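Chains as they are written, first to last, in my numbering: chain A, 27 to 506; chain B, 27 to 506; chain C, 27 to 506; chain D, 27 to 506.
Here a beta-carbon is modelled for each residue, glycine too, at the ideal position from N, C-alpha and C.
Fair warning: this is a prediction, and the values are worked out from it, not measured in the lab.
Protein chains: 4
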Amino acid sequence: MGLRTAEEFRESLRDGRRVYIYGEPVEDVTTHPILKINTETAAGDFVLAHMEDPEIRDLFVVPHPETGEPMSRYFDPPKTSDDLEKRLRMIGTSIRVTGGLPFGKDIGTDAVNAIMTTAQQMGKPEYAERARNYLEHLRKNDLNLCGAITDVKGDRGKRPSQQEHPDYYLRVVDRNKDGIIVKGAKIHITGAAVANELLIVPTRQMREDEADYAVAFAVPANAPGITFICRPGRGERGPAEFPSARPVRGLVEAMIIFDNVFVPWERVFMCGEWEHSMLMAYTFATYHRFTAVSYKIPAVELLAGCAVAMAEMNGIERASHVRAKLVELAGYVETLKALATAAIKSPVMYGEIAVPSPLITNMAKLHFASHYHEMIKLVQDISGGIISTSPTYLDWMNEDLHGYLEHYLGGSPKYTTEERLRMIAQTHQTVASAESAHMEVVTVHGEGSMEAQRMMIYAESPLKEYRDFALAAAGIEARD
Amino acid sequence: MGLRTAEEFRESLRDGRRVYIYGEPVEDVTTHPILKINTETAAGDFVLAHMEDPEIRDLFVVPHPETGEPMSRYFDPPKTSDDLEKRLRMIGTSIRVTGGLPFGKDIGTDAVNAIMTTAQQMGKPEYAERARNYLEHLRKNDLNLCGAITDVKGDRGKRPSQQEHPDYYLRVVDRNKDGIIVKGAKIHITGAAVANELLIVPTRQMREDEADYAVAFAVPANAPGITFICRPGRGERGPAEFPSARPVRGLVEAMIIFDNVFVPWERVFMCGEWEHSMLMAYTFATYHRFTAVSYKIPAVELLAGCAVAMAEMNGIERASHVRAKLVELAGYVETLKALATAAIKSPVMYGEIAVPSPLITNMAKLHFASHYHEMIKLVQDISGGIISTSPTYLDWMNEDLHGYLEHYLGGSPKYTTEERLRMIAQTHQTVASAESAHMEVVTVHGEGSMEAQRMMIYAESPLKEYRDFALAAAGIEARD
Amino acid sequence: MGLRTAEEFRESLRDGRRVYIYGEPVEDVTTHPILKINTETAAGDFVLAHMEDPEIRDLFVVPHPETGEPMSRYFDPPKTSDDLEKRLRMIGTSIRVTGGLPFGKDIGTDAVNAIMTTAQQMGKPEYAERARNYLEHLRKNDLNLCGAITDVKGDRGKRPSQQEHPDYYLRVVDRNKDGIIVKGAKIHITGAAVANELLIVPTRQMREDEADYAVAFAVPANAPGITFICRPGRGERGPAEFPSARPVRGLVEAMIIFDNVFVPWERVFMCGEWEHSMLMAYTFATYHRFTAVSYKIPAVELLAGCAVAMAEMNGIERASHVRAKLVELAGYVETLKALATAAIKSPVMYGEIAVPSPLITNMAKLHFASHYHEMIKLVQDISGGIISTSPTYLDWMNEDLHGYLEHYLGGSPKYTTEERLRMIAQTHQTVASAESAHMEVVTVHGEGSMEAQRMMIYAESPLKEYRDFALAAAGIEARD
Amino acid sequence: MGLRTAEEFRESLRDGRRVYIYGEPVEDVTTHPILKINTETAAGDFVLAHMEDPEIRDLFVVPHPETGEPMSRYFDPPKTSDDLEKRLRMIGTSIRVTGGLPFGKDIGTDAVNAIMTTAQQMGKPEYAERARNYLEHLRKNDLNLCGAITDVKGDRGKRPSQQEHPDYYLRVVDRNKDGIIVKGAKIHITGAAVANELLIVPTRQMREDEADYAVAFAVPANAPGITFICRPGRGERGPAEFPSARPVRGLVEAMIIFDNVFVPWERVFMCGEWEHSMLMAYTFATYHRFTAVSYKIPAVELLAGCAVAMAEMNGIERASHVRAKLVELAGYVETLKALATAAIKSPVMYGEIAVPSPLITNMAKLHFASHYHEMIKLVQDISGGIISTSPTYLDWMNEDLHGYLEHYLGGSPKYTTEERLRMIAQTHQTVASAESAHMEVVTVHGEGSMEAQRMMIYAESPLKEYRDFALAAAGIEARD
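Written out as structure tokens, the structure reads:
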């Protein structure tokens, strides 16, 4: 079947999936006022694969390693530093070109890669074979997929087996010769309602008595027993917003209920091997944080760009405190890029698959998450209160008010009042809106909390090497 | 007339004022779906003055110094540390009791106090007399008022007299025997559309050639030539929000256009005395930052409280990193309170009027503004991604979904699932919503930017005393 | 006997005490090249009590509550906010007047106050009586004393009873009708070798099986079995240092060995009451941190003063980044003062004795400790590399070099080259010397580590009040 | 002549140079108690070039590009990313192997590279030729050299031409057919007194009327008119320090006086071309900051290692707050390494010479300088007050005290008391000594202040690209 078109993708979503939003069932996610935004954002991936510009096409499309047929680069697991760099650029380019993040194959293949690397370690050839077959299935049908990891967790001070009821972590409730039955719920699953496939991996290390929770598998989004409960996000631009030729982009979060869902064995990638649950969660986390770094780079460039533009429009770009703040913003952005470069340059190889340096990847995620709010503050500071109090487009178009606004809301004469108001609206969207507040939370919790990164940095840092260097300087032999 | 009731206050707003929102004129600010929220929030002040609890009443109501009639404490300029402390408690109590900030008399009297202290320095007895008369007018009619300071400013790299056109700062365009005519616009004026009176002061120090910009005056909100262009804020709770017995509270920002507005001389408090513009702006700023400290204390207690409650509901309150974060939050809150205490204990006296220590007041404002985003991050971190992805009340009430949500969204067994969802909704509102993003901007820019506080700290700090101490330690005589 | 003179104090130290430094026994601590610096620094307290300036004298000397005889204010436990404020000023003044910190009675009475407040809670009247008698003994003989708290602790991951040997915490090894025998070591005891009396309190909460470690007592510094092992500190100014009329001041740290030391019952203030060990350690810590705040205020003023003076001498005091850094320094200093003010204004009363607010006192200590290194960095940054590379006084006095240095090491013409070199030397001493590095460690660990303050802030903060406020906002009843 | 031995290097320093320390002339820098430490530290470079280990030798020695004779790799200007990485490793290895930083050729060739790249831009072939010849001279004679850049600067608020006298910046005072005469002083010149050659470059951008200050040249260290005034550093280990098989290493700072020094034209690399002074200062700064990053990596690994070792010895390595602090330390170290990797991967080419990315190199220097004090604080915090109060080796060796110390100063049983004391002494040296305080200042000011890095980050960041991205998002065309 090969590369699908955006229209084929849309069509594939009309498959009887069970989706709710605002407490109402959704007939068609491609036309629902909110969910269509996510549909079109995800469709960007299929648009990019058909672009005529060869530079873009070659970034997004590669030949199938055996058949030579064109397929999405996402379905080609990275084998070298160069592959990792291409993946980084691919994600960045998709944002720059489509104006949104066509979330789906990126996080989906983070999970695929985690499954494939773990399968190699588990010593059960059937898992490796199923993973390969599943990848082939994705390639052949050019499927959009989502990786679902986070369980609802109940009381977070307790392990899965200690909870009030056994369902706070997704688990196997039955198994037979054809497959398994799973029950549970995954939460914070971005773009889930417009995926073709759901790929489920465990959220954490499981212990021996938690073997039923050590389960990984794939199902189509319309499998019986699956319900998506969506968090409302934004819809089309309203009349109070400045109109724009650029379409609105956005992603919708979902909670996915698995109400005794059947999964055939050929789609089961872990089932009870609790001692490998850690590796799968850990590898997924590393890949996924690298994906996050990839899409955060343009996101924080936009952030910094709002500050530069607003500084100019306010006429303060030469004030020394503003320059100092722009230097902080630039340092934040460029440190993220430099960490990405360094993570790519020192990958860890799992068999043939290249994992970006877990240490540096986690440092990069922690870098952008731990300083993000400070950067938001800098942009708000430079931009002025106007980003939160500026009149709407309806005021701008009102005859009685237009003259006042034109007269009074100018800034630097280098830009017109309307340009300034447009930039104010963009900056409001970026740092002072419901979406920007949501993005703060996503930055903190997406791809795992900052404590999760700190744990991995602790595990991956050469602390013993530092110690032995210090002991040697003191003339003491190292201990272990 | 004495103390008005809330109903009298509402009635007084139906006075023909010219208010726009979403590009549409507003017939009645007390019934408009958005503006009525602000009306009712402001009405809280009138409710408080009539409360039966003597402790509250005595905090909000004082006898008129001459007539002994009850009047609002706001209209009694502070003369002692104790008065300042009562004012601090009054603002805090109004938030705790009404659930909102009945913004109006507080910032309004910040401006009244600035006018009165400046009048004493200007050597023109008519100004002092007008200020006294105006205060009497406020007392007698128990008026809600707003202090308007921030001009639109145009190119912020240029002074008022260097701009593309002369109207970027409000100014006197004509004067005659009856009064003056003013033109310009004030921006970021919170709650302006529901004030009875507008009190205008200059936004900065003016120079000799900018004397027309050195103007301070009062006008009623329905004076001819005045237009309010309101930034939409939130309206009543929608069906997707968890219902509550507590009413929605909120304030609406406005830009106020002064299109050749006439002001009679008895309401003019500065007109051309550019050399005193600095003192007025500076004194207003100090009072106003103290008011801000007063209302921020409960605001940040709520912030910290969301973190404590969510930590318990998530079952992580004993995790060491969570305790460390709660200590940071508590330190932030309690440092703010301690700075308020210290500011009260060392006031500066202007004649009979006590100004809270300008140095410590500015430090307190800078404290809460510069660390606020970091605190938001901590609350988001502790609360979990759920505050941004949780299903809505409509999902909760849907029969097909209710059971799933009840089953899967529980946390610590100390609380019910519904309680957890309510607390999640509250925390969303506090740190992850359009309103919380707006509050970040307000925290940065309200009452002047952080650079403005740094300038005042520089001016007020005993840097020379430190220096002389160091010179003495080095055996060097001080220079000046 | 009443107030002693400095000479009487010196004489009292020639009492056969067993002191070592650099591995050598010290004959006379008042003449040893290093220890005499500490002797003279401590002697400052006795100088101050005899000053003619009535303002100073009244600060340092109060009448005995019963006899009316003059005695040191340190021996008058604070009963009001005003007493606490006087104590704060007394310590600050002693530094300003003598150029050093006459450490001894301050920390000593921190321990006395802890013993007295704990005695009230223990329900054994003999302890309260002994404490009163001991205080009377101190008053009558005007003794310099030191509070010793920190045990050597061994493996800090283990409790006293779990260690390799039982002596890592000081303990009672025997008791008889006359008194007790104690064994152990106390460490980091500043100024111990020049104290008349040692007052020992437990370093932490003890458990039931650690009752032998719950011991508090006083002994004279020359009691048999006591050895002081001193850490060398600085001696008199050497020829390479710029000479000065101001004497060198400094304190020497000691480790104190208790090798089966006998303590008579009348000097035992706790012996086995493990359930009160926490209170004693905790109360001592609060008092002691308040003492630390008192002496840190002039210390950080000097720090900031070096930055102001060096900025002027380098001619950069108007550079915007320098002003921003001076604002940071001033904010650091003035926040410390404001916290001290607030701690004084809300004391906790233990019977008649006023303890400064434990919450705010701990916040104040954490404030100065957690930001101290950042402030050091700012002073180093403003001062320039010259503070660490400047030629010595011997170069300055060398005929061949003097002309070069005079010509080349000038700065702003407002000061002479020699003045600049003196200020450089002072700043070197303050932020770039062995002593300043030591002070960094003292700032971190003196009066307990920052984690200790965080624990007390956690315990003392109104976290539950915040929570209940947030629960109420969400319409939820509080739980406990 | 080729590669010299350490002995040949020592011999070459007995050349009549004029060196002062403590106001006394130094006969022989190779035997003076303080300067010999620097001599031996620098001699490490010559030791390394003769090591038998081929891996080390190949890192430090390369064949002459024309003759094939072995020469120091420092004298081979980097042409590729790989060359830059080798240089980074060479500096790191020299520290790891010799225990000190053999400062000299590294900073010296930073200046050589700056001269060579600038010569290419100046359009005067004689400069390029002289630079090549000089490099050949260095190669042939295997000379240790020092780059001297920082002028004494006088009033830093004024430009060179505005100062009280014209000598605050080094300048040409005369020129004739043979060469030029220069006058002035360079300051903070590390290791200058043991260099063979001094290479002088301008400290900043000069203007047209400051052409005499735009001068770069080389002279031998014993040239007439040159005087070194050295800041005393540390000498051999004293008896109070724990003995060690590892020699003491250290560098001595000098102020260099140029009292009408003659420089022949073949050693003049800039003379009046003020418009190129900026490029030379800027390029030197970039190279030099990269050198600094190279030597800081092992320095901060040692820092972190002290914390890890002390945590283990104190038995607190599993405490959660300690782990959090170790993560911070590791993040600091590894971010520095990652930035170095990224700087290497994106060099800027000046003709054939590769300059590490100026943006990332400056970010890396700012990273280590701006967080260094915070890291020192963490190490002090983890290590405990004992690093500043521990008894000396003389106490340890004293028979009366040894048993006490052995008994009481143990920590975790994994290490002996003596090991713990040695590690304490090492940590004291690293974070709590005169040397560590000096290193704080060096970290702030060495290779230019943090403001200098911020200026270069501002200049090198793609701020306009960010802006254009934001403008495009807002639908606005970019302006320039």
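Taking the Cα positions, D:T453 is about 31 Å away from D:A311. Going by beta carbons, D:R257 and C:S416 fall inside the 8 Å limit. Taking a 10 Å sphere around the C-beta of C:Q188, we find fewer than 16 other C-beta atoms and assign the residue as exposed.
For B:K212, the uninterrupted beta strand (DSSP E) segment begins and ends at G205 to T216. If you look at D:Y46, you'll find it in the beta strand (DSSP E) that goes V45 to I47. Contact with chain C is absent for B:V289, since none of that chain's Cβ atoms lies less than 8 Å from the residue's Cβ. Proximity of A:E66 to chain D, defined by a Cβ-Cβ separation below 8 Å, is not satisfied. The beta-carbon distance between C:P439 and D:D181, rounded to whole angstroms, is 7 Å. This is short enough to meet the 8 Å contact definition. Contact with chain B is absent for D:H191, since none of that chain's Cβ atoms lies less than 8 Å from the residue's Cβ. Beta-bridge analysis with DSSP links D:D132 to no other residue. Interface flag for A:K112 against chain D is unset, since no Cβ pair is found closer than 8 Å. Segment contact: the region 341-350 of chain C against the region 301-308 of chain C, fewer than three CB-CB distances shorter than 8 Å; contact not assigned.
For D:T124, the three-state secondary structure derived from DSSP is helix. Close to chain D, meaning a Cβ-Cβ distance shorter than 8 Å, are the following residues of the region 337-360 of chain B: S346, H347 and A350. The beta carbon of A:S320 does not come within 8 Å of any beta carbon belonging to chain D, so the residue lies off that interface. Straight-line spacing of the CA atoms in C:R99 and C:I141 works out to 18 Å. Looking at the backbone, the Cα of A:R40 and that of A:A247 are separated by about 11 Å. In this structure, C:A335 sits away from C:M232, with a CB-CB distance that is not shorter than 8 Å. The alpha helix (DSSP H) runs lying completely inside the region 341-389 of chain D and spanning 4 residues or more are 346-371, given in chain order. Given a length threshold of 4 residues, each whole run of the alpha helix (DSSP H) inside the region 417-486 of chain B is given here in chain order: 419-423, 425-434, 443-457, 460-471 and 476-486.
A distance of 8 Å or more separates the beta carbons of A:A500 and A:F295. Three or more Cβ pairs drawn from the region 281-290 of chain B and the region 208-216 of chain B lie within less than 8 Å of each other, which places the two stretches in contact. Boundaries of the alpha helix (DSSP H) harbouring C:I413: I412 to T415, taken from the DSSP string. For A:I213, no chain D residue has a C-beta closer than 7 Å to its own C-beta; the minimum C-beta separation is roughly 27 Å.
A straight-line Cα-Cα distance of about 27 Å links B:A266 and B:G217. For the 8 Å CB-CB criterion, B:A333 and B:V227 do not form a contact. With 16 or more other Cβ atoms from the protein chains shown falling within 10 Å of its own Cβ, B:M306 counts as buried.
Only residues of its own chain outside the window of five on either side were considered, and among them N222 and E223 have a CB closer than 6 Å to the CB of D:L169, listed in chain order. Contact with chain A is absent for D:Y100, since none of that chain's Cβ atoms lies less than 8 Å from the residue's Cβ. Against C:V334, the close residues of chain B are L489, K490, Y492, R493 and A496, in the order they occur along the chain (beta-carbon pairs closer than 8 Å). Between A:A380 and A:T135, the CB-CB gap reaches or exceeds 8 Å.
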